[in-house]
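Shown next, in structure tokens, is the structure this report addresses.
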């Protein structure tokens, strides 16, 4: 093969390969001056989507703030694998307090900086989906409604992975977890439960809400940098596959994140002050089976006979997202 | 210059003079007047620079204080009762991280049954949270303890609870002397944090610690608590030298020199106890009182020094450990280990029941007449008939909720006084 064909639809988007972009717009990770906010040697599993996401988020935030930032962390995988005493992976000032209070702790940090006349030092809080959509929800909503100057990042791997893969309010229907096993009349996690925190965040009419996946890391970086151009509460919800919890191959993390987006199951969009401002469209729509089948947490849907009825209900959820957010390319 | 002030307002003004940079609070009776006044002062600019965070819960309040303190701000909150329990996880976290937060606890009962009135079950529930606990006897004491609390907290880098009786103190208007801004500035140096979130010198705060060092980190908390046994009286002495008033310290003996009987208590009830001591002294009884100002750390040696010469000690406390007995009583017995002193545990003033001179006098007479069993837990002014009738109803298969049955039995909802 003499050359690689350039797919023109990638140009001008953050999905594009690095080499197609102006040097100024290239990924933070491609720069020699990247901060390595979370450095090597941490103890995340192979193929951990959260470790990947956190690295890109924090390095982008460090670049956006010129290194003038503080990180607050909820209890969870990210906290545990990054700070086994006496080691720390963090090259940024970093505070971990509890599972459910990261947004309030971040509010306190921001208030202290404001009182000290150091509001130029920015605050990024981060947690998993359990710490965000469930136990931290009250503090998160409080931080939003008060208008505190905090970027909160949720790394969503759709369950309590750190405690042994239990269901959270972000676990999708039909997924097997340690407490939603594929037994009984409705195998796996029930339909009709769970919540979209990006939409809840939008209901607070905060300056900026975005979703992203670790399949499109440049897009993720861009959203972090954009978030740091706003003041006040901002919310970034990052889809991060978990090989351990999902029963997926470590090498499939990026592929699964891409399939979640390309199937319509995870809508990728931005919103400002409660209104959707941009949508990352599906380039090549895939049926949800392509996303579900490689994951053992959905294996009970692909037995003999297969649970096509359940897969159809999941497809209906994807279709609803596609309609609701306008995820398909024009004419696609 | 002395002024007539509500306890809450006096505390709020004093806290403002300590120049907190972040106040985070959630309203709960009877703490509200304190934080309302602080909110006013921040909004008018009287207290500046200061950020007042109206958080969504007490858990959020303590969490915001944790973040603010770790970012280098002098930090304040106030709560009571259910609020203190709701923030309990963060209360332990603040002390574990070694953050010098000062918190007023406007002491109030814990439900169920829900009750907004004063006792000490809130502070006592968190007595082992790693915080220093100071108990105010009067509003002057409450005011002065807050100034000392910031000194203590920041010197040892551990948080302090200043406990003041809800309503009895918080809502009482008394003549008192507010520390002036100049006095406080001279007494309380600007906060220099031991650890701080600084982009120029990044540190990791709140790392995970396993069995290899957890014991040692926790031991340090105990060691620092024990160092407060020296710091608390020293700070009280410095306070007296600077302000000309005695306040603080570990314990406060009252007419105990030759006392055969000593009454031990915490908080505002000490005023009544001391009056009864005076009455009984006038009758020729050799009785005294010991106020515990500092309950955590527990001043074991100081308590022992005062009480070891007495024949008997009567603990009058506003909380108890259900299924075990008195709480201050257990600590006092520990201090008196190896001595022949007899300790009587008496629970009084639960859920706002007044502790009257007459009831205390009768109680102490009973103790002196050896009509009280030192092995039991006693409840001052207990309506035994009411309890016995409910116990009888409990023999029914479905007796219903206790509180409602007992109020119905009394004939009027909550109106019975003792």
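Residue numbers (the working numbering), protein chains in the order written: chain A, 3 to 334; chain B, 838 to 1255. Just so it is clear, CB atoms sit at the ideal spot from N, CA and C, and this is done for glycine as well.
- Residues of the stretch 238-270 of chain A with a C-beta atom less than 8 Å from some C-beta of chain B do not occur.
- In chain order, 1086 and 1087 place their CB closer than 7 Å to the CB of residue 1070(B), counting only its own chain and leaving out the 5 sequence neighbours on each side.
- For the beta strand (DSSP E) assignment, the uninterrupted runs of no fewer than 3 residues enclosed by the stretch 873-950 of chain B are, from N- to C-terminal side, 888-891, 912-916 and 939-944.
- Within 9 Å of the CB of residue 1026(B), no CB atom of chain A is found; the nearest one sits about 16 Å away.
- Within the model, the alpha-carbon separation for residue 1094(B) versus residue 838(B) is close to 34 Å.
- If only uninterrupted beta strand (DSSP E) runs of at least 3 residues are considered, those enclosed by the stretch 33-103 of chain A are 71-75 and 96-98.
- The beta carbon of residue 240(A) sits closer than 6 Å to those of 55, 157 and 214, all from its chain and outside the five residues before and after it, given in chain order.
- Residue-level contact by beta carbon fails for residue 128(A) and chain B, as no gap is shorter than 8 Å.
- Interface criterion not met: the Cβ of residue 170(A) is under 8 Å from no Cβ in chain B.
- The beta-bridge partner set that DSSP reports for residue 1164(B) is empty.
- Within 8 Å of the CB of residue 93(A), the CB atoms of chain B belong to 1039, in sequence order along the chain.
- Assigned with DSSP and collapsed to three states, residue 1182(B) falls in strand.
- When the beta-carbon positions are compared, residue 97(A) and residue 107(A) come within less than 8 Å of each other.
- For residue 845(B), the enclosing alpha helix (DSSP H) begins and ends at 844-854.
- With 16 or more neighbouring CB atoms inside 10 Å of its own CB, residue 956(B) falls in the buried class.
- Within the stretch 897-922 of chain B, the residues whose Cβ lies closer than 7 Å to any Cβ of chain A are, in chain order, 897, 900, 901, 902, 903, 904, 905, 907, 908, 909 and 910.
- At least one CB of chain B lies nearer than 8 Å to the CB of residue 141(A).
- Counting only Cβ-Cβ distances below 8 Å, residue 90(A) has contacts in chain B at 1041 and 1044, in chain order.
- In this structure, DSSP gives residue 1037(B) a state outside helix and strand, which the three-state scheme calls coil.
- In the structure shown, residue 168(A) adopts extended strand secondary structure according to DSSP, grouped into three states.
- Taking the Cα positions, residue 1157(B) is about 16 Å away from residue 1106(B).
- By the 16-neighbour rule on beta-carbons within 10 angstroms, residue 951(B) is exposed.
- In the three-state reduction of the DSSP assignment, residue 967(B) falls in the coil class.
- In this structure, residue 262(A) sits near residue 293(A), with a CB-CB distance shorter than 8 Å.
- The continuous alpha helix (DSSP H) containing residue 143(A) extends over residues 139-148.
- The C-beta of residue 1233(B) has fewer than 16 other C-beta atoms within 10 Å across all chains shown, which makes the residue exposed.
- Using beta-carbon distances, residue 925(B) does not count as an interface residue toward chain A, since no partner is under 8 Å.
- Along the stretch 999-1023 of chain B, none of the residues has a CB nearer than 9 Å to a CB of chain A.
- About 6 Å separates the Cβ atoms of residue 1084(B) and residue 982(B), confirming a contact at the 8 Å cut-off.
- The beta strand (DSSP E) runs lying completely inside the stretch 200-252 of chain A and spanning 3 residues or more are 210-215 and 236-241, given in chain order.
- Under a criterion of Cβ atoms nearer than 9 Å, the residues of chain A adjacent to residue 891(B) are, in order, 144 and 148.
- Each residue's CA atom was taken as its position, placing residue 887(B) and residue 910(B) some 9 Å apart.
- Residue 230(A) and residue 126(A) have their C-alpha atoms roughly 9 Å apart.
- Note on geometry: alpha-carbon atoms of residue 902(B) and residue 896(B) lie some 10 Å from one another.
- DSSP lists 241(A) as the beta-bridge partner residues of residue 158(A).
- Less than 8 Å divides the Cβ of residue 60(A) from the Cβ of residue 94(A).
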